[in-house]
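Numbered according to full-length UniProt numbering, the sequence shown spans residues 1 to 858. For every residue, glycine included, the Cβ atom is placed at its ideal position computed from N, Cα and C. Please read these numbers as outputs of a predicted model, since none were measured by experiment. Have a look at the structure below, then the notes.
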Amino acid sequence: MEIEKKRYLFNLFLSSSLSSSSMAILLALIYVFFVNVASAEVASFTPADQILISCGAKSLSAIPDGRVFKTDHEAQSFLKTDEDILVTTTSADVPSPIYLSARIFVQEATYSFTMKSPGWHWVRLHFFPFTNTRFHLQTATFSVTTDKYVLLHDFHVNNETRPFLREYLINVTDPLVSLHFIPMKNSAAFINAIEVVSAPDVLLSDEGTGLSPVSSFSGLTSYGYQVVYRINVGGPLITSTNDTLWRTWENDNKYLKDRALAKSVSIPTSSIKYGTGISPLIAPATVYSSAQQMADSQTSVANFNVTWQFKVDTLFNYLVRLHFCDIVSKSLNDLYFNVYVNGKMAISGLDLSSITGQLASPYFKDIVVNSTLMTNGLNVQVGPMGEDTGTINAILNGVEIMKMSSSVDSLDGEFGVDGQMAIGSRSTVAAVGFAMMFGAFVGLGAMVIKWHKRPQDWQKRNSFSSWLLPIHASDSSFMASKTSMGSHKSTLGLGRYFSLSELQDATKNFDQSAIIGVGGFGNVYLGVIDDGIKVAVKRGNPQSEQGITEFQTEIQMLSKLRHRHLVSLIGYCDENDEMILVYEYMSNGPFRDHLYGKNLPPLSWKQRLEISIGSARGLHYLHTGTAQGIIHRDVKTTNILLDDAFVAKVADFGLSKDAPMGQGHVSTAVKGSFGYLDPEYFRRQQLTDKSDVYSFGVVLLEVLCARPAINPQLPREQVNLAEWAMQWKRKGLLEKIIDPVLVGTINPESMKKFAEAAEKCLAEHGVDRPTMGDVLWNLEYALQLQEAFSQGKSDDETKQSTGVAASPLVAAPSPAAPTIDDRPVSVPDQNTGPAEVRAIDEHSGTAMFAQFSGLNGR
Numbered sequence: 001m002e003i004e005k006k007r008y009l010f011n012l013f014l015s016s017s018l019s020s021s022s023m024a025i026l027l028a029l030i031y032v033f034f035v036n037v038a039s040a041e042v043a044s045f046t047p048a049d050q051i052l053i054s055c056g057a058k059s060l061s062a063i064p065d066g067r068v069f070k071t072d073h074e075a076q077s078f079l080k081t082d083e084d085i086l087v088t089t090t091s092a093d094v095p096s097p098i099y100l101s102a103r104i105f106v107q108e109a110t111y112s113f114t115m116k117s118p119g120w121h122w123v124r125l126h127f128f129p130f131t132n133t134r135f136h137l138q139t140a141t142f143s144v145t146t147d148k149y150v151l152l153h154d155f156h157v158n159n160e161t162r163p164f165l166r167e168y169l170i171n172v173t174d175p176l177v178s179l180h181f182i183p184m185k186n187s188a189a190f191i192n193a194i195e196v197v198s199a200p201d202v203l204l205s206d207e208g209t210g211l212s213p214v215s216s217f218s219g220l221t222s223y224g225y226q227v228v229y230r231i232n233v234g235g236p237l238i239t240s241t242n243d244t245l246w247r248t249w250e251n252d253n254k255y256l257k258d259r260a261l262a263k264s265v266s267i268p269t270s271s272i273k274y275g276t277g278i279s280p281l282i283a284p285a286t287v288y289s290s291a292q293q294m295a296d297s298q299t300s301v302a303n304f305n306v307t308w309q310f311k312v313d314t315l316f317n318y319l320v321r322l323h324f325c326d327i328v329s330k331s332l333n334d335l336y337f338n339v340y341v342n343g344k345m346a347i348s349g350l351d352l353s354s355i356t357g358q359l360a361s362p363y364f365k366d367i368v369v370n371s372t373l374m375t376n377g378l379n380v381q382v383g384p385m386g387e388d389t390g391t392i393n394a395i396l397n398g399v400e401i402m403k404m405s406s407s408v409d410s411l412d413g414e415f416g417v418d419g420q421m422a423i424g425s426r427s428t429v430a431a432v433g434f435a436m437m438f439g440a441f442v443g444l445g446a447m448v449i450k451w452h453k454r455p456q457d458w459q460k461r462n463s464f465s466s467w468l469l470p471i472h473a474s475d476s477s478f479m480a481s482k483t484s485m486g487s488h489k490s491t492l493g494l495g496r497y498f499s500l501s502e503l504q505d506a507t508k509n510f511d512q513s514a515i516i517g518v519g520g521f522g523n524v525y526l527g528v529i530d531d532g533i534k535v536a537v538k539r540g541n542p543q544s545e546q547g548i549t550e551f552q553t554e555i556q557m558l559s560k561l562r563h564r565h566l567v568s569l570i571g572y573c574d575e576n577d578e579m580i581l582v583y584e585y586m587s588n589g590p591f592r593d594h595l596y597g598k599n600l601p602p603l604s605w606k607q608r609l610e611i612s613i614g615s616a617r618g619l620h621y622l623h624t625g626t627a628q629g630i631i632h633r634d635v636k637t638t639n640i641l642l643d644d645a646f647v648a649k650v651a652d653f654g655l656s657k658d659a660p661m662g663q664g665h666v667s668t669a670v671k672g673s674f675g676y677l678d679p680e681y682f683r684r685q686q687l688t689d690k691s692d693v694y695s696f697g698v699v700l701l702e703v704l705c706a707r708p709a710i711n712p713q714l715p716r717e718q719v720n721l722a723e724w725a726m727q728w729k730r731k732g733l734l735e736k737i738i739d740p741v742l743v744g745t746i747n748p749e750s751m752k753k754f755a756e757a758a759e760k761c762l763a764e765h766g767v768d769r770p771t772m773g774d775v776l777w778n779l780e781y782a783l784q785l786q787e788a789f790s791q792g793k794s795d796d797e798t799k800q801s802t803g804v805a806a807s808p809l810v811a812a813p814s815p816a817a818p819t820i821d822d823r824p825v826s827v828p829d830q831n832t833g834p835a836e837v838r839a840i841d842e843h844s845g846t847a848m849f850a851q852f853s854g855l856n857g858r
């Protein structure tokens with residue numbers, strides 16, 4: 001009865017006499033009612049915000065799905081522009097009148113919209129570069145941004161001759177949404193139509209599934225999205241007329257890798273039964289009523305996958321939504337199949353009937369795919385389980401692929417609204433490296449200029465003692481300690497006071513051949529004092545402001561630090577405006593030199609573990625050994641020095657910062673070494689102790705792979721060690737890229753534990769990284785695994801040499817890690833300095849593993 005009533009109204013309208021413009025609008029409105037009647041059980045949704053603008057139009061524009069686009073002045077918007085151009089065409093073959101007009105901007109212009117309700121909103125931008133007398137739109141280059149997101153960056157239409165759409169899904173949290181159109185110099189921006197429309201909250205939840213490994217992924221609502229593909233698999237094109245949320249779904253044929261392997265199937269839309277766990281707003285019944293299934297292979301056992309391939313921007317992560325509905329089975333529990341994304345198992349043994357409880361019932365899965373898996377685009381595959389689990393078949397009903405906003409909230413290109421570059425982008429290495437070198441060059445130039453402009457008393461005011469005094473102002477014996485040459489002792493906690501002549505003698509008058517290191521502060525010389533004791537003498541350069549700052553920081557830090565795994569400060573010199581610090585000499589130099597680049601004898605895996613453990617102990621003490629804690633900020637293999645016994649000691653505290661009291665981070669400019677920089681610190685300029693943890697994760701990969709953190713001479717995908725190694729780790733093939741000298745000598749379980757520790761250190765967000773204490777514990781465990789393995793190997797060799805039969809060599813069993821309340825046991829380290837910090841110095845497993853010392857790996 002309802003259908004007949006609407007048909008009667010439709011026919012009555014056709015016979016009425018109205019103006020042509022009114023006829024067009026009302027015709028479209030009644031037409032959409034008529035079409036919706038023909039679609040069974042279409043879910044209804046009324047958006048709180050529905051702003052539809054036909055840009056540059058002089059009257060209302062009704063489109064086939066029944067919606068009416070208003071002019072710029074009639075819409076709920078405010079357009080701010082100094083100059084814009086309105087153009088129209090009447091001869092173009094377009095699917096909708098909204099493409100017959102456009103606005104052109106030769107300067108930045110802004111549309112502002114007032115929102116009635118927060119939450120998910122569609123932002124749809126319609127473009128058609130039609131020919132006009134005012135501007136050649138096919139060569140236009142411009143950017144489009146919101147106040148938060150970059151939607152288009154330096155965008156141009158590439159001689160496109162047909163209308164096209166860019167569609168975004170954004171979680172609106174502010175009552176005012178702005179769209180900024182920014183033309184490139186000597187170019188223009190243009191837009192034909194704009195939609196800002198509320199989307200239902202049920203459309204996208206906060207939870208999804210991560211890929212490689214498959215795990216829970218939370219935080220989806222914190223991203224912006226661009227719809228790249230929306231595919232009705234096995235079915236026809238679905239236009240906005242037949243989708244409640246005015247979406248368009250393509251047919252999948254052109255994306256199938258091999259059409260001969262797929263066979264389309266469909267049932268009436270009225271047969272689709274939406275369960276309680278899925279809303280019809282997720283996708284219309286037309287999507288779920290069609291599918292592609294495995295074609296008949298004409299073999300006894302079909303064993304192949306159906307594959308869809310999609311081109312994507314490989315710089316970004318993607319949310320892949322897969323739609324399933326079992327419309328092929330005759331009974332429940334007869335269809336089990338696997339789903340793969342980019343070769344990774346996304347869903348194993350999918351049994352739709354056990355999930356939905358009935359046939360022909362929709363189900364969907366959201367999968368987050370990391371950009372590291374995007375080297376060759378994005379592909380989706382379905383295939384049989386390969387087991388006797390029922391009918392050998394696999395199906396897919398729909399695919400949605402949405403680009404996720406980057407670390408700087410960009411959906412196009414590598415830069416955010418404020419010009420900041422996204423972490424992890426492939427050109428970040430080159431761009432930031434160039435920026436750092438350029439900044440250093442400019443800084444040096446400015447420093448030279450500033451040096452000539454300094455007042456005459458600058459040297460005195462910035463001398464060593466002038467900035468030491470405020471730190472120890474309460475110490476009235478400071479000057480006495482300088483003049484008391486008999487004792488050569490300082491009450492500052494800085495150790496021995498050296499005269500300039502002593503250090504000149506020790507370094508042969510700072511001979512160039514004695515230089516063992518160079519930094520922004522100046523040179524480091526090898527010196528010999530007293531009865532042949534070697535020391536490292538760091539002499540400040542008065543022309544380096546960086547050196548002054550780093551010297552002061554070094555003094556502040558080392559005056560309150562004493563630990564076996566931190567380089568010790570022996571003394572200082574403040575004479576004739578010199579700024580000199582004297583350290584213990586580390587005869588085996590930087591850790592890096594023993595890993596690569598210097599042709600030194602290679603370190604064994606056990607040596608590398610012990611050095612890593614020592615370094616971790618030093619950093620753990622920094623973070624926890626004082627009341628406030630210290631963040632090193634420049635952790636790298638060149639700042640880990642080795643003494644004559646290869647004991648590791650962390651050095652160079654010139655960039656260090658006191659950890660914040662009562663808050664989680666220090667807001668500070670980004671400093672450190674590229675390749676080791678914490679991406680969260682780089683992005684937010686918020687330094688935490690977890691920034692050191694990230695850098696240490698890179699150090700661990702250097703230890704394992706024996707290559708630099710950044711090597712621009714390698715192929716692009718290998719330049720950044722952290723990214724490259726983690727790709728191999730996720731593939732389960734990390735052993736393919738380890739230092740060749742370790743092959744055959746390293747216990748696989750030890751390497752696995754070590755690699756897991758590195759991977760956890762390199763988590764994108766600091767909150768997901770372990771503490772240095774936890775890292776230390778895992779490294780201790782990896783060492784114990786290696787020692788047990790080596791002992792077992794040694795026993796086997798002994799038995800073979802004495803004629804005792806030995807069983808085939810296998811990896812040593814992994815000792816169970818002892819815990820207390822699921823936490824590793826903590827013991828004090830006996831190698832700490834001041835007694836007051838010994839109790840909190842270490843989170844070490846050394847003592848706890850003593851009980852395993854008798855293990856021989858058998």
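- Where Ile347 is concerned, the enclosing beta strand (DSSP E) starts and stops at Lys344 to Leu350.
- It is roughly 53 Å from the alpha-carbon of Pro236 to the alpha-carbon of Val699.
- In the structure shown, the three-state DSSP call for Lys736 is helix.
- Annotation: the segment 495 to 536 contains the following complete segments of the beta strand (DSSP E) (minimum length 3 residues), in chain order: 515 to 519 and 522 to 529.
- Proximity to Lys403 across Asp334, Ala109 and Asp366 peaks at Asp366, based on C-alpha coordinates.
- The three-state secondary structure of Ile327, taken from DSSP, is coil.
- With respect to the 8 Å criterion, Asn333 and Ser348 are not classified as neighbours on the basis of their beta carbons.
- About 14 Å separates the beta carbon of Leu701 from that of Leu714, a gap too long to meet the 8 Å contact definition.
- Taking 8 Å as the cut-off, the Cβ atoms of Gly224 and Leu411 count as close.
- Around Tyr111, the same chain offers Ser77, Leu79 and Leu179 as residues with beta carbons nearer than 6 Å, after the five sequence neighbours per side are excluded.
- The Cβ atoms of Leu245 and Phe415 lie no closer than 8 Å to each other.
- The way I'd put it, the segment 270 to 280 does touch the segment 352 to 362; three or more beta-carbon pairs between them come closer than 8 Å.
- In this chain, Leu165 is not harboured by any alpha helix (DSSP H); it is covered by the beta strand (DSSP E) spanning Phe164 to Val172.
- Just measuring C-alpha positions, the residue of Asn588, Ser604, Leu500 and Thr688 sitting nearest Asn639 is Asn588.
- Restricting attention to Ser289, Ser371 and Ile395, the CA atom closest to the CA of Leu335 is found in Ile395.
- The beta carbon of Ser612 is closer than 7 Å to those of Leu700, Val703 and Leu779 in its chain, skipping five residues each way along the sequence.
- Judged by their CB atoms, Phe653 and Met557 are nearer to each other than the 8 Å cut-off.
- When C-alpha distances from Glu610 are compared across Phe646, Val312, Ile327 and Thr624, the shortest belongs to Phe646.
- Between Ile631 and Ser691, the gap from beta carbon to beta carbon is short of 8 Å.
- By alpha-carbon distance to Leu350, the top candidate from Val368, Phe324 and Val328 is Phe324.
- Nearest C-alpha to Arg608 among His594, Gly618, Phe521 and Asn599: His594.
- Non-local C-beta neighbours of Gly219 in its own chain, meaning closer than 7 Å and more than five positions away in sequence, comprise Asp206, ordered along the chain.
- Residue pairing of Asp658 in beta bridges, as defined by DSSP: Ile630.
- Non-local C-beta neighbours of Ala651 in its own chain, meaning closer than 6 Å and more than five positions away in sequence, comprise Val567, Asn639 and Leu641, ordered along the chain.
- Of the candidates Gln293, Asn158 and Pro97, Pro97 places its Cα closest to the Cα of His126.
- When DSSP states are grouped into helix, strand and coil, Asp366 belongs to the strand group.
- Ser91 counts as exposed, since fewer than 16 other C-beta atoms from the protein chains shown sit within 10 angstroms of its C-beta.
- The DSSP-derived three-state label of Asp334 is coil.
- No Cβ-Cβ contact shorter than 8 Å links Ser222 with Phe316.
- Note on the segment 41 to 69: whole beta strand (DSSP E) runs with a minimum of 3 residues are 50 to 54, in chain order.
- DSSP, reduced to helix, strand and coil, places Ala102 within a strand of the structure shown.
- Put simply, the segment 678 to 688 does not touch the segment 618 to 626. Fewer than three CB pairs are less than 8 Å apart.
- Between the alpha carbons of Ala189 and Val106 lies a distance of about 6 Å.
- If you ignore the 5 residues before and after Trp728, its C-beta comes within less than 8 Å of the C-beta of Leu734, Lys736 and Ile737, all in its own chain and listed in chain order.
- Below 8 Å, enough C-beta pairs join the segment 567 to 577 and the segment 493 to 512 to call them touching: three or more.
- By DSSP's assignment, His594 forms no beta bridge with any residue.
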